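K.L.:
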Amino acid sequence: MWTDVVDLRDFYVSTLGQVARRMVRRRLRELWPDVTGQNVLGLGYAVPYLNGFREEAERVLAAMPAGQGVLHWPPDEAGLTTLIDELELPFPDLSMDRVLLIHALECAEQVRPLMREIWRVLSGSGRLLVVVPNRRGIWARLERTPFGHGLPYTPGQLSRVLRDNLFTPLESHPALFVPPVHSRMVLSSAPAWEQIGRRIFTTFSGVVMTEAVKQIYAAEATPTANRRRRYLPVPERTPRV
Numbered sequence: 001m002w003t004d005v006v007d008l009r010d011f012y013v014s015t016l017g018q019v020a021r022r023m024v025r026r027r028l029r030e031l032w033p034d035v036t037g038q039n040v041l042g043l044g045y046a047v048p049y050l051n052g053f054r055e056e057a058e059r060v061l062a063a064m065p066a067g068q069g070v071l072h073w074p075p076d077e078a079g080l081t082t083l084i085d086e087l088e089l090p091f092p093d094l095s096m097d098r099v100l101l102i103h104a105l106e107c108a109e110q111v112r113p114l115m116r117e118i119w120r121v122l123s124g125s126g127r128l129l130v131v132v133p134n135r136r137g138i139w140a141r142l143e144r145t146p147f148g149h150g151l152p153y154t155p156g157q158l159s160r161v162l163r164d165n166l167f168t169p170l171e172s173h174p175a176l177f178v179p180p181v182h183s184r185m186v187l188s189s190a191p192a193w194e195q196i197g198r199r200i201f202t203t204f205s206g207v208v209m210t211e212a213v214k215q216i217y218a219a220e221a222t223p224t225a226n227r228r229r230r231y232l233p234v235p236e237r238t239p240r241v
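Using this note's numbering, read the sequence shown as starting at 1 and increasing by one per residue.
(1) Going by C-alpha distance, which of Thr202, Ser123, Pro48, Ser205 is nearest Gln215?
(2) Which whole-angstrom value describes the C-beta separation of Thr210 and Leu142, a residue pair presumed to lie in contact below a C-beta threshold of 8 Å?
(3) Of the residues Gly37, Arg98, His182, Met64, which one's Cα is nearest the Cα of Leu89?
(4) Which stretch, first to last residue, makes up the alpha helix (DSSP H) that contains Asp10?
(5) Can the beta-carbon of Ala46 be found closer than 9 Å to that of Pro180?
(6) Could you tell me whether the stretch 70–77 touches the stretch 24–33, using the rule of 3 or more Cβ pairs below 8 Å?
(7) Expressed to the nearest angstrom, what Euclidean distance is found between the alpha-carbon atoms of Leu187 and Tyr12?
(8) Any idea what DSSP makes of Tyr49, helix, strand or coil?
(9) How big is the Cα-Cα spacing for Pro155 and Thr203?
(10) Identify whether Ala140 lies in helix, strand or coil by the three-state DSSP scheme.
(11) Looking only at its own chain, which residues have a Cβ that is under 8 Å from the Cβ of Pro146, when we skip the five neighbours before and after it?
(12) Taking the alpha-carbon of Val130 as reference, which of Ala108, Leu94, Pro191, Asp76 has the nearest alpha-carbon?
(13) When you compare each of Gly137, Asp93, Leu83 to Pro149 by their alpha carbons, which one comes out closest?
(14) Among the residues of its own chain, which have a CB less than 8 Å from the CB of Thr15, if the five just before and after it don't count?
(15) CB Leu43 to CB Glu106, shorter than 9 Å?
(16) If Asp93 sits next to Asn39, beta carbons under 8 Å apart, how far is it from one beta carbon to the other, in whole angstroms?
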């Protein structure tokens with residue numbers, strides 16, 4: 001079951017959500033330090049993590065599943081979000097260079113069709129980054145945050161899902177070691193928790209982040225759809241004022 005978009009928004013405006021965003025986004029930028037001239041798609045609820053790409057990417061789009069709902073983003077600007085059927089993405093083949101999948105895979109009822117659609121829209125040299133709750137972490141055990149909903153994964157389980165759906169996992173990265181509490185003292189020490197966790201307690205991270213590339217040689221034939229696809233025009237980049 002998808003987490004409601006309003007609950008996701010409210011979490012990320014909370015102090016705990018802001019800390020979680022900073023820790024995950026820091027790791028994200030380590031993995032994707034430069035997306036200059038590329039098309040970046042956030043699928044699920046990725047808007048807290050997309051702002052940092054807007055200055056350099058050619059295009060940045062956020063696609064939100066119908067079961068989750070959609071909110072306007074970015075505030076006070078032309079919208080870059082679209083409500084989608086995650087099993088039939090409204091984008092042309094090979095149109096995206098980077099796909100960030102977050103608050104999505106753990107909630108998806110049909111994993112294989114979702115992953116095949118991502119495979120279709122990702123360019124041949126593109127990268128997919130999947131962020132899911134870690135089955136062994138504390139965050140997956142507490143339902144008061146979005147990371148406590150849906151089906152959590154271990155790094156090995158996530159890698160198997162990727163391999164089973166024509167992706168080659170590159171490497172899994174742990175993130176979000178600070179406990180999901182509302183203590184100011186604990187949250188203010190989040191960077192220290194990250195440093196210690198990445199050295200000693202990697203098994204117990206809050207989330208697992210796995211980057212993958214397409215298995216071009218392993219493509220499978222798929223039946224022609226009964227209805228014609230309708231693609232969403234990808235907007236041209238507009239200068240930020």
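From the three backbone atoms N, C-alpha and C, an ideal C-beta is built for every residue, glycine too.
Quantities reported herein were computed from a predicted structural model and do not represent experimental measurements.
P.N.:
According to the data block:
(1) The sequence position of residue 215 within the sequence shown is 215, counting from 1. Comparing Cα positions, the closest option is Ser123.
(2) For the purposes of this step, residue 210 is taken as residue 210 along the sequence shown, with counting starting at 1. For the purposes of this step, residue 142 is taken as residue 142 along the sequence shown, with counting starting at 1. That belief does not hold up - the Cβ atoms of Thr210 and Leu142 are roughly 22 Å apart, past 8 Å.
(3) Your numbering for residue 89 matches position 89 in the sequence shown. For Leu89, the nearest C-alpha among the options comes from Met64.
(4) Mapped onto the sequence shown, residue 10 falls at position 10. Element bounds for Asp10: 5–13.
(5) The residue you call residue 46 lines up with position 46 of the sequence shown. The residue you call residue 180 lines up with position 180 of the sequence shown. Contact flag unset, no.
(6) no
(7) Position 187 of the sequence shown, counting from 1, holds the residue named residue 187. Position 12 of the sequence shown, counting from 1, holds the residue named residue 12. Computed Cα separation, rounded: 14 Å.
(8) One-based indexing of the sequence shown puts residue 49 at position 49. It is helical.
(9) Taking the sequence shown and counting its residues from 1, the one referred to as residue 155 is at position 155. Taking the sequence shown and counting its residues from 1, the one referred to as residue 203 is at position 203. Their Cα atoms are separated by approximately 9 Å.
(10) Sequence index remark: in the sequence shown, residue 140 carries index 140 (1-based). Note: Ala140 maps to helix in three-state DSSP.
(11) For the purposes of this step, residue 146 is taken as residue 146 along the sequence shown, with counting starting at 1. For Pro146, where only same-chain residues beyond five positions count, the Cβ hits under 8 Å are Thr3, Asp7, Leu8, Phe11, Tyr45, His103.
(12) Position 130 of the sequence shown, counted from the first residue, corresponds to residue 130. Selected option, being the one with the closest Cα: Ala108.
(13) Counted from its first residue, the sequence shown places residue 149 at position 149. The sequence shown places His at residue 149, rather than the Pro named in the question. Checking every option, the nearest Cα to that of His149 belongs to Gly137.
(14) One-based indexing of the sequence shown puts residue 15 at position 15. The answer, listed in chain order, is His182, Arg184, Leu187.
(15) On the sequence shown, residue 43 is found 43 positions in, with the first residue counted as 1. On the sequence shown, residue 106 is found 106 positions in, with the first residue counted as 1. Not in contact: Leu43 and Glu106 (Cβ atoms no closer than 9 Å).
(16) Counting from one through the sequence shown, the residue named residue 93 turns up at place 93. Counting from one through the sequence shown, the residue named residue 39 turns up at place 39. Asp93 to Asn39, Cβ: 13 Å. No contact.
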